[in-house]
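Student: Under the working numbering, the first residue of the first sequence is numbered 10, with each subsequent residue one higher. Each residue gets a CB set at the ideal place from its N, CA and C atoms; glycine is no exception. This is the structure I have questions about; it appears just below.
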Amino acid sequence: MVTRYAPSPTGFMHIGGIFVSLINKRLAVQSKGAFYLRLEDTDVKRAIPGALDTIVDAMARYGLDPDEGVLRGPDGSFIQQGPYAPYVQTERAAIYRDYAIELIRRGLAYPCFCTVEELDAIRVEQTALKAKTGYHGRWAKWRDASLASVEEALGRGLPFVMRLRAPDDPSGRIEWKDGVKGTISMPVNDVDHVLLKSDGIPTYHFAHAVDDHLMRTTHVIRGDEWMSSMPFHLQLFRYLGFKPPSYAHVPPIQKLDRVEEKDAETGETKTTDSRRKLSKRHDPEANVDYYFEAGVPEAGTIEYLLNIANSAFEDWRRGSPQKPYTDFPLKLNKLAAGGALSDLVKLSNVSQGVIARMNAEEVYGNGLRWAKRFDPELAALMEQHPDYTRRALHIERPGAKNKRIVTWPDLRPQLGYFYDELYDALATAGNFDFPEAIPAAERPVLLQQLLDTYDPAAGKDAWFDRIREVSNQHGYAGDMKLHKANPAAYKGHVGDVSQLLRVALCGTKNTPDLHEVMAVMGIDRVRTRLSRFLTAPSAPPAPSAPPAQPGAAT
RNA sequence: GGUCCCAUCGUCUAGCGGUUAGGACGCCGGCCUCUCACGUCGGUAACGCGGGUUCAAUUCCCGCUGGGAUCGCCA
10 MVTRYAPSPT GFMHIGGIFV SLINKRLAVQ SKGAFYLRLE DTDVKRAIPG
60 ALDTIVDAMA RYGLDPDEGV LRGPDGSFIQ QGPYAPYVQT ERAAIYRDYA
110 IELIRRGLAY PCFCTVEELD AIRVEQTALK AKTGYHGRWA KWRDASLASV
160 EEALGRGLPF VMRLRAPDDP SGRIEWKDGV KGTISMPVND VDHVLLKSDG
210 IPTYHFAHAV DDHLMRTTHV IRGDEWMSSM PFHLQLFRYL GFKPPSYAHV
260 PPIQKLDRVE EKDAETGETK TTDSRRKLSK RHDPEANVDY YFEAGVPEAG
310 TIEYLLNIAN SAFEDWRRGS PQKPYTDFPL KLNKLAAGGA LSDLVKLSNV
360 SQGVIARMNA EEVYGNGLRW AKRFDPELAA LMEQHPDYTR RALHIERPGA
410 KNKRIVTWPD LRPQLGYFYD ELYDALATAG NFDFPEAIPA AERPVLLQQL
460 LDTYDPAAGK DAWFDRIREV SNQHGYAGDM KLHKANPAAY KGHVGDVSQL
510 LRVALCGTKN TPDLHEVMAV MGIDRVRTRL SRFLTAPSAP PAPSAPPAQP
560 GAAT
């Protein structure tokens, strides 16, 4: 299959564009075909500087680089590579013009000198008459204009457009087998659509027919907002003598709009749910940048999209946790015909799975890339301590065990406490949330004993056995089950004791396995951090001072 | 309004005439457990409505309702 993504340079990368690109690219790769990028910049009025960078860079970030078409060269500038260059439509103006001339010669197209004002007037009249709008039938005043009047208009230098001459007999229907929607039948086109605009640049429709034919596109896979143009497009291919490609119209990603309306008469508020396409203007999640900023790794966004495209993906992923998503066989006919609602909660879940499958190095690289933009302080620490960071990230990883990082913003709470800088800031603020079961006065004793008994060389089980022993010695149940059976018999349990250590050491109540955390921190850092808690809580400078009141230091 | 598309738990969906309507996310509860997380077990929750066809409809047909797309010298 030869597929393409043909965006117009709007300066905005819509998530739907990534979705369609993904489908096009996967299908081309799976069939050992080609995927190319063509720039549909025929709307000169809307040209936006830098728009091409937005598209190309986003596609590259999401691993959707085209095989041919508009690419970035080795020096970073844009190049057009492939047998059918150029791939930028404004650079192909002469090609379209030749085909337009050919159509005129065969009586299938004609010049129209209507001004936009005239066209507007026609539309107003049609609307008033409840007639079908558009340039067709008796409204198409230049359709059968005499040669003399055309020459006269030309002579006056009036601007004109080239229009298709729709069939004289507007009855009948056209039918095609859509790759995702199935067989569809529509009335034939009877509107004399514009082929070339007054600036000589083609409309999307004309450029589509010419380019997809010349560039040997076998499958046009695009958003389903194009479906209603199909009668026109198919007609164009026939007029031009081209064999039409296969078409597949994919549904848009939607969003739920909850409208609350107050009934004027009854005063009741009723809510109506309606779905609508993700809007570039109103929905931040329509922009791919949103996902990066939210800290979803690119692979997570892609897998989420794949999930929307083929629901079988989820089961496949479960069965093949370590394979790249590119091994998944995407099937066009398995796309649902209706549009899916963007589900950010589900996206988080997919993201969590993707990050969990990464090794420490990948977490480091991807996380750092995010942090550099959205958490510079953390990023700086990650770069200052690369090996230490990697070791911290390596805890319970890989193996999809550590799912604490759902998206990159979780990096700070999950990794931050390893850095002395952040830990010290926390300590200065005094925000240590120690377990309530342990009186403040008892903390130094317990921590001192835990520190004395800690042996970095011993294993995890041995270490927790020590913690149990210390717990037992001080009236805390070393065995959770015993405590559960008779809570009143103990001051607390081993969980409280290890939590005391965890909070003192990390400043947070939630961390992975303490033994591993301590191993990464190293004995010196452990000593330093605990040292501040080894004296009586409320009288730091004077160790001999009387015990503080319970809770005074928290 | 014309044309076209769509319709199963809140969400993504499986289903392709006979199923206790399955899975995933979310939510709730149990278990596991040094915390969190993971894991695990269980629970919650759906075939829009009305006609047909058929021995039998979630499934096929028609209508309705609801939602969407489109009707430009924009793509």
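Applying the 10 Å Cβ sphere with the 16-neighbour rule, what's the burial state of G181?
Tutor: Per the 10 Å Cβ criterion, exposed.
Student: Below 8 Å, how does it come out for the stretch 202 to 222 and the stretch 164 to 178: are there three or more Cβ pairs, yes or no?
Tutor: Counting Cβ pairs under 8 Å, three or more are found: they touch.
Student: Using a Cβ-Cβ cut-off of 8 Å (strictly less than) and excluding sequence neighbours within five positions of L287, which residues of its own chain qualify?
Tutor: Hits under 8 Å: H23, I24, G25, P261, I262, Q263, K264, E294, A295, S351.
Student: Taking the alpha-carbon positions, what's the L459 to D433 distance?
Tutor: Answer to the nearest angstrom: the Cα atoms are 21 Å apart.
Student: Let me confirm a value: I27 is counted as buried when at least 16 other C-beta atoms fall within 10 Å, else exposed. Which label applies?
Tutor: Buried is the call here.
Student: From E323, D464, L455, pick the residue whose C-alpha is nearest to that of G484; which is it?
Tutor: Closest option to G484, Cα to Cα, is L455.
Student: Give every residue of the same chain whose Cβ lies closer than 7 Å to the Cβ of A149, excluding the five residues on either side of it in the sequence, and list them in chain order.
Tutor: Result list for A149: D201, in chain order.
Student: In this structure, does DSSP put A257 in helix, strand or coil?
Tutor: Strand at A257.
Student: Please name the residue, chosen from G232, L377, G42, V259, that lies closest to W417 on a Cα-to-Cα basis.
Tutor: Considering only alpha carbons, the answer is L377.
Student: Starting from H228, trace the beta strand (DSSP E) both ways and give me its first and last residue.
Tutor: Counting along the chain, the beta strand (DSSP E) containing H228 begins and ends at 228 to 232.
Student: Helix, strand or coil, according to DSSP, for G501 in the structure here?
Tutor: Correct three-state label for G501: strand.
Student: In the DSSP assignment, find the unbroken beta strand (DSSP E) run with G166 in it and report its ends.
Tutor: First-last for G166: undefined, no H or E at that position.
Student: With C-beta atoms as the reference, is I364 less than 8 Å away from I414?
Tutor: Closer than 8 Å, so yes.
Student: Can we say the stretch 429 to 446 touches the stretch 470 to 480, given the rule of at least three CB pairs closer than 8 Å?
Tutor: No, because fewer than three Cβ pairs between the stretch 429 to 446 and the stretch 470 to 480 fall closer than 8 Å, the two stretches do not touch.
Student: Can you tell which of E370, K412, Q393 has its C-alpha closest to the C-alpha of R399?
Tutor: Among E370, K412, Q393, the Cα nearest to that of R399 belongs to E370.
Student: Between V53 and E160, what straight-line distance do the alpha-carbon atoms span, to the nearest angstrom?
Tutor: Taking the straight line joining both Cα atoms gives about 28 Å.
Student: From the DSSP output, in three-state form, read off W151 for me.
Tutor: W151 falls in the coil class under three-state DSSP.
Student: Return yes when the Cβ of Y256 is within less than 8 Å of the Cβ of V229, no when it is not.
Tutor: Yes, the pair counts as a contact, with Cβ atoms nearer than the cut-off.
Student: Which residues does DSSP list as the beta-bridge partners of E77?
Tutor: According to DSSP, which records beta bridges pairwise, E77 is partnered with Y45.
Student: Pick helix, strand or coil for R285, following the three-state DSSP scheme.
Tutor: Here R285 sits in strand by DSSP.
Student: Anyone know if the C-beta pair for G487 and I447 falls short of 8 Å?
Tutor: Not closer than 8 Å, so no.
Student: Tell me the DSSP secondary structure of I193 in three-state form.
Tutor: Note: I193 maps to strand in three-state DSSP.
Student: Identify every residue that forms a DSSP beta bridge with R13.
Tutor: Beta-bridge pairing links R13 to Y45.
Student: Per DSSP, what kind of secondary structure is K264 in: helix, strand or coil?
Tutor: Strand at K264.
Student: So who's on the other strand from V90, going by DSSP bridges?
Tutor: A small correction: the amino acid at residue 90 is Gln; Val does not occupy that position in the sequence shown. According to DSSP, Q90 bridges with G78.
Student: Under the criterion of a Cβ to heavy atom distance below 7 Å, does P448 qualify as lining the ligand GDP?
Tutor: No copy of the ligand GDP occurs in the structure displayed, which carries no ligand at all.
Student: Would a C-beta distance cut-off of 8 Å place V197 and Q244 closer than the cut-off?
Tutor: Yes, Cβ-Cβ distance for V197 and Q244 is below 8 Å.
Student: Would you tell me roughly how many angstroms separate the C-alpha atoms of W151 and P120, rounded to the nearest one?
Tutor: C-alpha separation (whole angstroms): 7 Å.
Student: Going by C-alpha to C-alpha distance, which of G72, V219, E127 sits closest to E111?
Tutor: The residue with the shortest Cα to Cα distance from E111 is V219.
Student: Exposed or buried, which one is T563 when buried takes at least 16 other CB atoms within 10 Å?
Tutor: The pLDDT assigned to T563 is 34, lower than 50, so where the model puts this residue is not dependable; a value taken from the coordinates is nonetheless given after this. Under this definition T563 is an exposed residue.
Student: Going along the chain, which residues of its own chain have a beta-carbon closer than 7 Å to the beta-carbon of T3, five neighbours each way excluded?
Tutor: Outside the shown range of the chain (10 to 563) lies residue 3, about which nothing can therefore be said.
Student: In whole angstroms, what is the alpha-carbon distance linking K190 and L344?
Tutor: Rounded to the nearest angstrom, the two C-alpha atoms are 9 Å apart.
Student: If you drop the 5 nearest sequence neighbours on each side, which residues of the same chain put their C-beta closer than 6 Å to that of G42?
Tutor: Closer than 6 Å at Cβ, skipping near neighbours: M10, V11.
Student: Do F122 and K289 come within 8 Å of each other at the CB atom, strictly closer than that value?
Tutor: Result no, Cβ atoms of K289 and F122 do not sit closer than 8 Å.
Student: If you draw a straight line from the alpha carbon of P465 to that of A528, how long is it in whole angstroms?
Tutor: Answer to the nearest angstrom: the Cα atoms are 7 Å apart.
Student: Given a threshold of 16 other Cβ atoms within 10 Å of its Cβ, counted over all protein chains shown, does Q558 qualify as buried or as exposed?
Tutor: With a pLDDT of 42 at Q558, under the threshold of 50, the modelled position of that residue is not reliable, and no figure is offered here.
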